[in-house]
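Novice: Let me begin by handing over the structure; questions about it come next.
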Amino acid sequence: MSEAVLVALIGLCGSGAGSLAGVMASARLTRYRLEQLEKRVQAHNRLVERMYQVEERTELQEEKIKSASRRIEDLEQAVR
């Protein structure tokens, strides 16, 4: 085998190994970024769920306050 062919084969192996390493590093970084994004989305979804619960409780408390206010007004009118 001539030296030129041997050098070309070695260069091909080196280029292939470098490309493979680059693809693997890129895939690892992409996977890491996706995991971080998924964590943020989960945190956001938990926040949204908690806000719905707070809104429901707030509405319930407002109804209770309105009911209590009506009863107080009725009692005040009955006392007069």
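Residue numbers for the sequence shown follow numbering that gives the first Met the number 0, so the first one is 0 and each next one is one higher. From the three backbone atoms N, C-alpha and C, an ideal C-beta is built for every residue, glycine too.
1) Which of the three DSSP states, helix, strand or coil, is assigned to Arg79?
2) Three-state secondary structure (DSSP) at Met23?
3) Pull up the distance between the alpha-carbon of Gln52 and that of Ala42, whole angstroms please.
Specialist: Reading it off the structure:
1) Looking up residue 79 in the sequence shown gives position 80. The answer is coil: DSSP assigns Arg79 none of H, G, I, E or B.
2) Position 24 of the sequence shown holds residue 23. Reduced to three states, the DSSP call for Met23 is helix.
3) Counting from 1 along the sequence shown, the entry for residue 52 is found at position 53. Counting from 1 along the sequence shown, the entry for residue 42 is found at position 43. Distance from the CA of Gln52 to the CA of Ala42, rounded to the nearest whole angstrom, comes to 15 Å.
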